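> Please see the structure below; I have some questions.
Residue numbers (my numbering): 1 to 409.
Quick look at the structure:
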């Protein structure tokens, strides 16, 4: 962008990485402390802090220092969160490995970092480190990043992010120590890094709860089956919410699940709730986002795909987002919106608009009847919707609707 705008002198600017990193830690602490303080205030004198486990149905033991307190409960809500996955093969390089929980505790940033796992969090962290001047090598056994399922969107995302970080995709990686460094190997590629960031997913904190003692059946992964509309485990007076159930490990989903679990736990009759449309965003700039149904969940013969690229969107081009790409999936019978995938500048906003539209049962045709300002990145959505709507001609100009008989507007 600086070449297009004729801006010079940027090479003389400097970045105080230590100061920036300290400021980011302060922001992280602020964000984390507010909900913690609120939870403590709500719990008040009833808060017991310590490891808990079931002794039998409705009976919990909580370890409080050297003491154990027994709690009998008519209903239990499990909301124990999750922890980063650290596989055994990283044990040999444990001293040179941090998790996403530990990254912000580093006093200074290393010069070279290997990121293991390029899901949403791994991609976000890898790009952020790169933009702070760290050389980043990211590796994942998948052939894409951020869990993208749509192959065309995935290809565009990989091509875009390879400009900033080295990507090793589609092959396993081995690691070993070499003096004060770590060697990463994948096929015939070898590189040394100062630190590894393990972003290999998260594991629900249920393995220490002794669920079997509560009469809870678990699968091969040690996870209980539950109803996502009620958060109830089987027909037991036990509910599970948030990362602890491993279903939708996202903040807004955890908040809904906690509300559902708490509502039902406090009442004699169980209420079923409609869950919101799936929405996931990686804040990678350009954002990677998925909304509603994924492409692999849809019958390719039963859908229409509307597409829009950033090279044809004036606002995206001005913002340097000409690589943006949006796919919207709609029912081939009537244009009803089903899902979307994107890598796009401002994608977080487009994703929200689509999530609301899908949940309200909109079609491409009905959504086009809403206003689109110019120039905005939201016109990417307008273009994609027009590609769908042209499959359902009604003889009217695109985006316009007749008024009701006798109405002025």
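The beta carbon of each residue, even a glycine, is placed where N, CA and C say it ideally should be. Quantities reported herein were computed from a predicted structural model and do not represent experimental measurements.
1. Measure the alpha-carbon distance for residue 128 versus residue 104 and round it to whole angstroms.
2. For the beta strand (DSSP E) containing residue 168, list its first residue and its last residue.
3. Where does residue 383 fall in DSSP's three states?
4. Within 10 angstroms of the Cβ of residue 70, are there 16 or more other Cβ atoms? Answer buried if so, exposed if not.
5. Give me the residue from 333, 208, 55 with the minimum Cα distance to residue 389.
6. In three-state DSSP terms, what is residue 378?
7. Taking the alpha-carbon positions, what's the residue 250 to residue 140 distance?
8. Going by Cα to Cα distance, which pick from 386, 221, 130, 268 is closest to residue 206?
9. May I have the straight-line CA-CA distance separating residue 107 from residue 182, to the nearest angstrom?
10. Which residue's Cα is closest to the Cα of residue 270: 228, 295, 283, 245?
11. Using 8 angstroms as the Cβ pair cut-off and three pairs as the minimum, do the region 314 to 328 and the region 338 to 346 touch?
12. Spatial neighbours of residue 290 within its chain, please: C-beta separation below 6 angstroms, excluding the five flanking residues on both sides.
13. Check this for me: beta carbons of residue 153 and residue 327, under 9 angstroms apart or not?
14. Quick check on this structure: which residue in 372, 336, 377 has the alpha carbon closest to the alpha carbon of residue 391?
15. My understanding is that residue 242 touches residue 81, with C-beta atoms under 8 angstroms, so please give their C-beta distance in whole angstroms.
16. What beta strand (DSSP E) runs, 3 residues minimum, are completely inside the region 64 to 102?
17. In angstroms with no decimal places, state the Cα-to-Cα distance between residue 177 and residue 24.
18. May I have the straight-line CA-CA distance separating residue 146 from residue 84, to the nearest angstrom?
19. Classify residue 288 as buried or exposed, calling it buried when 16 or more other Cβ atoms lie within 10 Å of its own Cβ.
20. Does the distance from the C-beta atom of residue 308 to that of residue 293 stay below 9 angstroms?
21. Please name the residue, chosen from 383, 233, 214, that lies closest to residue 310 on a Cα-to-Cα basis.
22. Suppose you measure from the CA of residue 27 to the CA of residue 101; what does that come to, to the nearest Å?
23. Helix or strand or just coil, what does DSSP make of residue 160?
24. Grouping DSSP H, G and I as helix and E and B as strand, with all else coil, what is residue 230?
25. From residue 218 to residue 233, what distance separates their C-alpha atoms?
26. To the nearest angstrom, report how far apart residue 195 and residue 90 are at their CA atoms.
27. Residue 168 and residue 138 look like a contact to me (Cβ under 8 angstroms); what is the Cβ gap, rounded to whole Å?
28. Would you tell me roughly how many angstroms separate the C-alpha atoms of residue 35 and residue 9, rounded to the nearest one?
29. Kindly list the residues whose CB is nearer than 6 angstroms to the CB of residue 260, restricted to its own chain and excluding five residues on each side of it in sequence; keep chain order.
30. Which residues in the same chain as residue 203 place their Cβ atom closer than 7 angstroms to its Cβ, once the five residues preceding and following it in sequence are excluded?
With the given structure in hand:
1. 12 angstroms
2. 166 to 169
3. Here DSSP, grouped into helix, strand and coil, assigns residue 383 to helix.
4. With fewer than 16 other Cβ atoms from the protein chains shown falling within 10 Å of its own Cβ, residue 70 counts as exposed.
5. 333
6. Residue 378: coil per DSSP, three-state reduction.
7. 21 angstroms
8. Nearest of 386, 221, 130, 268 to residue 206, Cα basis: 221.
9. 19 angstroms
10. Nearest of 228, 295, 283, 245 to residue 270, Cα basis: 228.
11. yes
12. 280, 341
13. yes
14. 336
15. 6 angstroms
16. 67 to 72, 76 to 78, 82 to 84, 97 to 99
17. 30 angstroms
18. Cα to Cα, the separation comes out at about 17 angstroms.
19. Its Cβ being crowded by 16 or more others within 10 Å, residue 288 is buried.
20. no
21. 383
22. 15 angstroms
23. helix
24. coil
25. Between the alpha carbons of residue 218 and residue 233 lies a gap of roughly 10 angstroms.
26. One C-alpha to the other measures close to 12 angstroms.
27. 7 angstroms
28. 43 angstroms
29. 231, 273
30. Here the set comprises 82, 83, 85.
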